[in-house]
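Notes follow once the structure below has been shown.
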Amino acid sequence: MRRTVAELTDSLIDYAGTFAPANLSLVDALNAYRNLGEEERFVSRFVVRAGDLAELGNRLREEDELPVSVIATPSHDKESWETALEGDAQRMNDFMDSAGERAEIEAFEARVYDLSAVEACVQDLSGFQEAEIFVELPWGAGMDDALSVLTEADFPGAKARCGGDFTPTIAQLASFISGCVSLDQPFKLTAGLHEPFYNGKQHGFLAVGVAVAMELKEELGEKRLAEILEADDFQFNDDSIVWRGITADFNAVEEARGFFVSFGSCSVSDPVKALVRRGLLS
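Sequential numbering from 331 applies to the sequence shown in the numbering used here.
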């Protein structure tokens, strides 16, 4: 594997086996995480719904050292948001009390119920900073302003969904990436990222990393970023990635991972097998 590919894929996947379309039981997902084998290098955290924390605590083994990312209870308005956060905070406290050293809540991911409410939601999340916070932003008008709010708050990462009920266009994803890079805003993605490159329907997780690296190196802008997100004709070297006359050196690739932190996936084997099919793993 080229060093640039390794840098863009190591610990990139947050494993969300209990989520669609895999929909594994918590027991099966936990066992899959424990038995990743050679695929372990690609995986970071174990993703769990806040409502499943109690069961997860009961399923932990003495030898476990589980890095956990908690998905907040869904909400649809201010009242349900506040109720969900209060309940989730208690669930996380109870989980950590019971888990001890067998698990650590490293991240908390919460979807805001409306882009217009981002500022208030971020204020509510300020008390959760013992974990890394990711604020999921729904696609729509106001995304740029919402990213600015996150950057001004200086503690949450951004999160965007790339599949499921809605798949953003290439232009929307390019705009999101451009906004995050220009604002120095870390982000993660989730859903629909099982292929390294765009296949006409699904976005490519490796193409996202390449786009970030090249934007950091060249300040290409949204139109050029969109072209990168649609491409698959990259030349991956140990010390650089080259595409149509644009070169991202290894420093830019390393820096890109400070922006594109991870993506959530219900499968680890699907993205890894896709890399194999493309001849990117050795």
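In this text, a Cβ means the ideal position worked out from N, Cα and C, and glycines have one as well. Fair warning: this is a prediction, and the values are worked out from it, not measured in the lab.
For residue i, the three-state DSSP class (helix, strand or coil)
i, result
"Glu579", "Checking the displayed sequence, the identity of residue 579 turns out to be Asp instead of Glu. In the structure shown, Asp579 sits in a strand (DSSP, three-state: E or B)."
"Thr497", "coil"
"Ser446", "helix"
"Arg391", "coil"
"Val348", "Correcting the residue identity first, residue 348 is Thr in this sequence and not Val. Of the three classes helix, strand and coil, the one that applies to Thr348 here is coil, per DSSP."
"Ala543", "helix"
"Phe425", "helix"
"Phe506", "helix"
"Leu396", "strand"
"Glu549", "coil"
"Ser410", "helix"
"Ser570", "strand"
"Arg491", "strand"
"Ala433", "strand"
8 Å Cβ shell around residue i - same chain, five flanking residues per side excluded
i, result
"Leu445", "Leu467, Pro468, Gly470, Ala471, Gly472, Met473, Asp475 and Ala476"
"Phe527", "Gly534, Leu536, Ala537, Ala561, Asp562 and Arg608"
"Ser456", "Ala483 and Phe485"
"Leu610", "Met331, Arg332, Val335, Pro526, Leu536 and Phe566"
"Gln515", "Leu477, Leu480, Thr481, Gly487, Ala488, Gly509 and Phe589"
"Glu584", "Glu337"
"Asp378", "It should be pointed out that residue 378 corresponds to Val in this sequence rather than to Asp. So the qualifying residues of the chain are Thr348, Leu356, Leu386, Val398, Ser399, Val400 and Ile401."
Endpoints, the beta strand (DSSP E) within which residue i is located
i, result
"Phe593", "Phe590 to Ser595"
"Arg574", "No beta strand (DSSP E) holds Arg574; DSSP gives it neither H nor E."
Beta-carbon contacts of residue i that lie in its chain and below 6 Å, excluding the five residues immediately before and after
i, result
"Cys596", "Ala346, Gly347, Phe349 and Ala352"
"Ser505", "Glu552"
"Gly387", "Phe425, Ser428 and Ala429"
"Asp568", "Arg332 and Arg333"
"Glu396", "Reading off the sequence shown, one finds Leu at residue 396, where the question assumed Glu. Counting only Cβ-Cβ distances below 6 Å, and skipping sequence neighbours, we find Phe376 and Ala433."
"Arg636", "Lying before the first or after the last residue shown, residue 636 is absent from the chain, which here runs from 331 to 612."
Of the residues the options, the one placed nearest residue i, counting alpha carbons only
i, options, result
"Ser599", "Phe376, Glu368 and Glu552", "Glu368"
"Glu449", "Val357, Asp340, Phe376 and Ser478", "Ser478"
"Arg574", "Val591, Leu555, Arg587 and Glu585", "Leu555"
"Leu356", "Arg371, Asp382 and Glu370", "Asp382"
"Glu560", "Ala336, Ser592, Glu525 and Phe580", "Glu525"
"Ala586", "Glu392, Arg491, Ser410 and Phe517", "Phe517"
"Thr413", "Ala380, Glu395, Arg432 and Glu393", "Ala380"
"Gln453", "Asp358, Leu480, Val398 and Gln515", "Leu480"
"Lys489", "Asp344, Gln532, Phe580 and Asn361", "Asp344"
"Phe496", "Ala437, Gln532, Tyr443 and Gln459", "Gln532"
"Pro404", "Val378, Arg441 and Gln420", "Arg441"
"Val373", "Leu342, Val572 and Ile500", "Leu342"
"Lys408", "Tyr443, Pro498 and Leu605", "Tyr443"
"Leu360", "Ala447, Arg391 and Ala578", "Arg391"
"Gly494", "Asp418, Ala501 and Leu523", "Leu523"
Contact set for residue i: own chain, Cβ-Cβ below 7 Å, skip 5 residues either direction
i, result
"Val511", "Val542, Glu545, Leu546 and Phe589"
"Met426", "Ile435"
"Ala582", "Ala543, Leu546 and Lys547"
"Ile558", "Ala537, Val540, Ala541, Met544 and Trp573"
Cross-strand partners of residue i (DSSP beta bridge)
i, result
"Pro486", "Ile463"
"Ile343", "Val373 and Phe593"
"Arg379", "Ile401"
"Arg441", "Glu466"
"Gly534", "Glu525"
Limits of the alpha helix (DSSP H) - the one that residue i falls within
i, result
"Ala362", "Leu356 to Arg364"
"Leu605", "Ser599 to Arg607"
"Phe517", "First-last for Phe517: Phe517 to Thr520, but that is the beta strand (DSSP E), not the alpha helix (DSSP H)."
"Leu559", "Glu552 to Glu560"
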